[in-house]
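Data first, discussion second: the structure below is written as structure tokens.
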Amino acid sequence: MSDSEHLARINVSFARRLLVHDLAGRSAPAGPTSPRAISGIGAYRNWCARADAIGFPVAGMSMVLELTEDSIVVYSATFVRGRPKRRAGALPLREIAQFTSARSLTKTHIVMLLGDGGIIEFEAMTKRSAQRFVDAVLTQRDRSPWS
Numbered sequence: 349m350s351d352s353e354h355l356a357r358i359n360v361s362f363a364r365r366l367l368v369h370d371l372a373g374r375s376a377p378a379g380p381t382s383p384r385a386i387s388g389i390g391a392y393r394n395w396c397a398r399a400d401a402i403g404f405p406v407a408g409m410s411m412v413l414e415l416t417e418d419s420i421v422v423y424s425a426t427f428v429r430g431r432p433k434r435r436a437g438a439l440p441l442r443e444i445a446q447f448t449s450a451r452s453l454t455k456t457h458i459v460m461l462l463g464d465g466g467i468i469e470f471e472a473m474t475k476r477s478a479q480r481f482v483d484a485v486l487t488q489r490d491r492s493p494w495s
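If you read the sequence shown in this note's numbering, its first letter stands for residue 349, the second for the next number, and so on.
Here you go:
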């Protein structure tokens, strides 16, 4: 995908705190959800299972999210430069009910609430880039004819 085909792009990683919820009950089997209770790879696998259960296409621990006219396309990231590598899937903008970013003491979080009640959280490098991406997504979603 060339730079002219996407409206915004951000590199994100899975949220170590495992904040992925499925209010409809389709999430992964119950297990330890405390980050202290499982290893790093266990936390990642749990996050992947829950994200997949709510319909979010996971592309790895580090992903590139690109905004297009009608969806957020998820790519795996190249190792060195973090550029889009392999397309994992797309999430239609009409499925996003709310989208926000927040800064904690050490991390910037991007939280997405889907229309069916699923919540997924990512970590981003900077609050500024996260907020720009969130604003671009919400603007594009609200200007679409189906919103």
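Every residue gets a Cβ at the ideal spot worked out from N, C-alpha and C, and that includes glycine. Given the structure is predicted, the values throughout are model-derived calculations rather than measurements.
Pairing residue 459 with residue 445 gives a Cβ-Cβ distance that is not under 8 Å.
Assignment of residue 426 by DSSP, reduced to helix, strand and coil, places it in the coil class. If you draw a straight line from the Cα of residue 482 to the Cα of residue 463, it comes to about 16 Å. Around the Cβ of residue 412, a 10 Å sphere holds 16 or more other Cβ atoms; the residue is buried. Pairing residue 410 with residue 425 gives a Cβ-Cβ distance under 8 Å. Here residue 452 carries a coil assignment [DSSP, helix/strand/coil]. Using a Cβ distance threshold of 8 Å, residue 479 and residue 355 do not count as a contacting pair. Rounded to the nearest angstrom, the gap between the Cα atoms of residue 439 and residue 491 is 17 Å.
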